[in-house]
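Visitor:
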Amino acid sequence: FGGSLPSAFNDEVMLKEQVLTQLIEEQVLLGYVHDKGYRVGDDQLFGYIQTMPSFQQDGQFSKELYRNQLASQGYQPALFEQELRRSSEMEQLNQAISSSAFTVPVQVEKYNQLLNQSRKLRTLTVENQSDSISVSDQEIAEYYKTQAGLYMDPAMVKVDYIELNLDSIKQNIEVSEDQLQQRYEQLADQLTTPELRTASHILVAVKNDASDEEIDQARQKIEDIKIKIDQGESFADLARQYSDDPGSAADGGDLGEVERGMMVKPFETVLFSLQEGEVSDPVRTQFGWHLIKLHEISGGETPDFEQAKADIEQELKMEMAESQIYDLAENLANIGYEQPDSLLPAAEQLDLTIKTTDWFSRGKGEGLAQEEKVRQAAFSEDVLKLNRNSETLELSDNRIVIMHLNSHKPAQQKSLESVKTQVMETLKKKQGRALAESTGKQLLEEIKQGQTLDAVAEKAGLSVFDAGFVTRSATTLDRDVLNAAFSMKKPADQAEYEGIAEVDGDYTIVELSAIRIDEPDDTAEDKGSDAKALQDAKANYEYQALIKSLAEKADIIRTPLSELE
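Per this note's numbering, the sequence shown starts with residue 81, numbered consecutively.
1. Nearest CA to the CA of Gln261: which residue from Phe160, Phe385 and Val215?
2. Quick one: give me the first and last residue of the beta strand (DSSP E) that Lys238 is part of.
3. In its own chain, which residues sit with a C-beta less than 7 Å from the C-beta of Ala575, not counting the 5 before and 5 after it?
4. Count Cβ pairs between the region 293-308 and the region 370-388 that sit closer than 8 Å; are there 3 or more?
5. For the beta strand (DSSP E) that contains Ser422, what are its first and last residues?
6. For Ala449, count neighbouring Cβ atoms within 10 angstroms of its own Cβ and tell me buried if that reaches 16, exposed if not.
7. Can you give the beta carbon distance from Thr382 to Ala268, rounded, assuming they're within the 8 Å contact cut?
8. Between Leu464, Ile595, Asp122 and Asn620, which has its C-alpha nearest Pro490's C-alpha?
9. What are the uninterrupted segments assigned as alpha helix (DSSP H) that are 4 or more residues long and contained completely in the region 240-290, given in chain order?
10. In chain order, which continuous runs of the beta strand (DSSP E) of length 3 or greater are located wholly inside the region 541-578?
11. Flag this pair as yes or no: are the beta carbons of Ser179 and Leu276 separated by less than 8 Å?
12. Can the beta-carbon of Val215 be found less than 8 Å from the beta-carbon of Lys435?
13. Can you give the Cα-Cα distance for Ala634 and Met400, rounded to whole angstroms?
14. Rounded to a whole number of angstroms, what is the C-alpha to C-alpha distance between Ala95 and Thr101?
15. Tell me whether Gly111 sits in a helix, a strand or coil according to DSSP, three-state version.
16. Which class does Glu144 belong to by DSSP, given the choice of helix, strand or coil?
17. From Gln162 to Val108, what distance separates their C-alpha atoms?
18. Are the CB atoms of Met232 and Lys569 nearer to each other than 8 Å?
19. Pick from Leu246, Gly327 and Asp240: whose alpha carbon is nearest that of Lys397?
20. With 16 as the cutoff for other CB atoms within 10 Å, does Ile480 come out buried or exposed?
21. Buried or exposed, going by whether 16 or more other CB atoms sit within 10 Å of the CB of Phe699?
22. With a threshold of 16 other CB atoms inside 10 Å of the CB of Ile636, please say whether the residue is buried or exposed.
23. Locate the beta strand (DSSP E) running through Gln511, then write down its first and last residues.
24. Which whole-angstrom value is the C-beta distance of Ile249 and Ile405, which I expect to be below 8 Å?
25. Could you tell me if the beta carbon of Ser256 falls within a distance shorter than 7 Å of some heavy atom in the ligand ADP?
26. What do you get for Asp296, buried or exposed, if any count of 16 or more other CB atoms within 10 angstroms of its CB means buried?
27. Which residues does DSSP list as the beta-bridge partners of Gly312?
28. Can you check whether the CB of Ser198 is closer than 8 Å to the CB of Phe549?
29. Select from Leu351, Gln251, Asp560 and Asp334 the residue whose C-alpha is nearest the C-alpha of Glu402.
30. What is the residue span of the alpha helix (DSSP H) that Ala491 lies within?
31. Quick one: give me the first and last residue of the alpha helix (DSSP H) that Glu348 is part of.
32. Ala594 by DSSP, collapsed to three states: which one?
33. I need the straight-line Cα distance from Glu337 to Glu376, nearest angstrom please.
34. Could you tell me the distance, in whole angstroms, from the CA atom of Glu497 to the CA atom of Tyr621?
35. Per DSSP, which residues does Ser378 bridge with? Please list them.
36. Buried or exposed: Asn288, going by 16 or more other Cβ atoms within 10 Å of its Cβ?
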């Protein structure tokens, strides 16, 4: 923002109104989606979750990673799945609207004309000369007094807390040899790696509606090929010559590695009965007649107990630790709720240690307070004002904590001396901005009274920048200036002028003297892309219009915040 935040960012009322509007629109949209019967089933939902890269390890969905990732973001799986289901149902509606949006050629033509329009521009900029502005001590003191809320040290707290850590619990768990052996026997099938068979085949295709004579001819052909193989001819060469399988014939019939479940049953049965180097007799499937050659067998091994022991031990410890931590967490929550004035009863009953954080604010902290959930809970009404224990919080890295306020330092006014330089720079920028805008508007008024851009520039000791014809994507002008220039009306007998207060405090006068439509050198692909962009924009507009319409029709009761506090 050019070193200066827009005023809206300091307007808490405006920001709250934007959030409230968004929440209202989401609720009415959810109601509409539900009424219209948009649904996401369990299979579809879980299928989507399992394909999300965030939850995959080595290309496979990991249940443990799924739980850990959600915990790090403060989610329980049930809550995450509920929100994902709702957002997916709303996306179904979005897709329905998007797929029904369309454009007509005349719209695309006008869109392209606007897209390929260029405008002849000159600009005159009055710069923000904040560095040359002097600010008195009295001005600094008055601004500091009127804007005292901007110069505060934030409220700070320390909290006592009890932490349950899955890794710590796991380290204290002992697993017997009998437990390990029993689990090994239970997992024997799962520990066995899939058997892979590297194979090739030759296919003589048979149509589904083939006559008996055509089936016999195909069988005779495959038997003739088998005789050639038995006589020593190359299986790969014969596959290239005779196989009707377009996916493998060019590669000598190579199918790569095959495991059970990949091929149709008759093919699989024969393949997994062959010895390495063996060629099968003709095999009939719904595709026709095959000859199968087995090249190599790999996998299918089961690690012995000693090889699997370490992994099984870690798995058992994790299961036991998870069971223990949730039992402990439940007890911790119950004791913390029943005796909310202190963590000591919970610490004594569960043999846990009470720890204390360093000072932290609502927006920033170290250690445990790096977690946003911790900071939110610490500044909640229950903890900060009522001096009660917090709820148990699930954090990242498989941690569960409950906390109680230790100390509180209210927000404090910073001394004028400590922020004097900051206040001075703020005033210089504000006054520089106001001076540039005032000067610029005066020059713009002189132009509207009949003087030329060059004349007022010479009088003010400024330079005119001739940008020539520029497009919407030009980089020679500031984006704010460019956007304003393309919003100006088309000049008739004389140039049009407009002034723009830029975010960096400069004030720029834009002269628009001509508009032209450049002929695009578009290929058919480019034109299709333009039409698609316009269609996407229309789809988004229609979706947003639906949301606004639903919000306008809904019965909404707004309660002032003051009545809730």
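All C-beta atoms in this analysis are idealised placements derived from N, C-alpha and C, irrespective of residue type, glycine included.
Note that this is a predicted model, so its numbers are computed, not measured.
Guide: According to the data block:
1. Phe385
2. Met236 to Asn245
3. Glu591, Leu592 and Ser593
4. yes
5. Note, Ser422: premise wrong, no beta strand (DSSP E); not H, not E.
6. buried
7. 6 Å
8. Leu464
9. 246-251, 257-266 and 268-271
10. 544-550
11. no
12. no
13. 51 Å
14. Looking at the sequence itself, residue 95 is Leu, so the reference to Ala does not match. When rounded, the distance between both Cα atoms is 10 Å.
15. helix
16. helix
17. 17 Å
18. no
19. Leu246
20. buried
21. What is shown of the chain runs 81 to 645, which leaves residue 699 out entirely.
22. exposed
23. It is not in any beta strand (DSSP E) - Gln511 instead sits in the alpha helix (DSSP H) that spans Leu496 to Lys528.
24. 6 Å
25. The ligand ADP is not part of this structure, which contains no ligands at all.
26. exposed
27. Gly312 pairs with nothing; no bridge assigned.
28. yes
29. Gln251
30. It is not in any alpha helix (DSSP H) - Ala491 carries neither H nor E in the DSSP assignment.
31. Lys345 to Leu351
32. strand
33. 9 Å
34. 52 Å
35. Leu276
36. exposed
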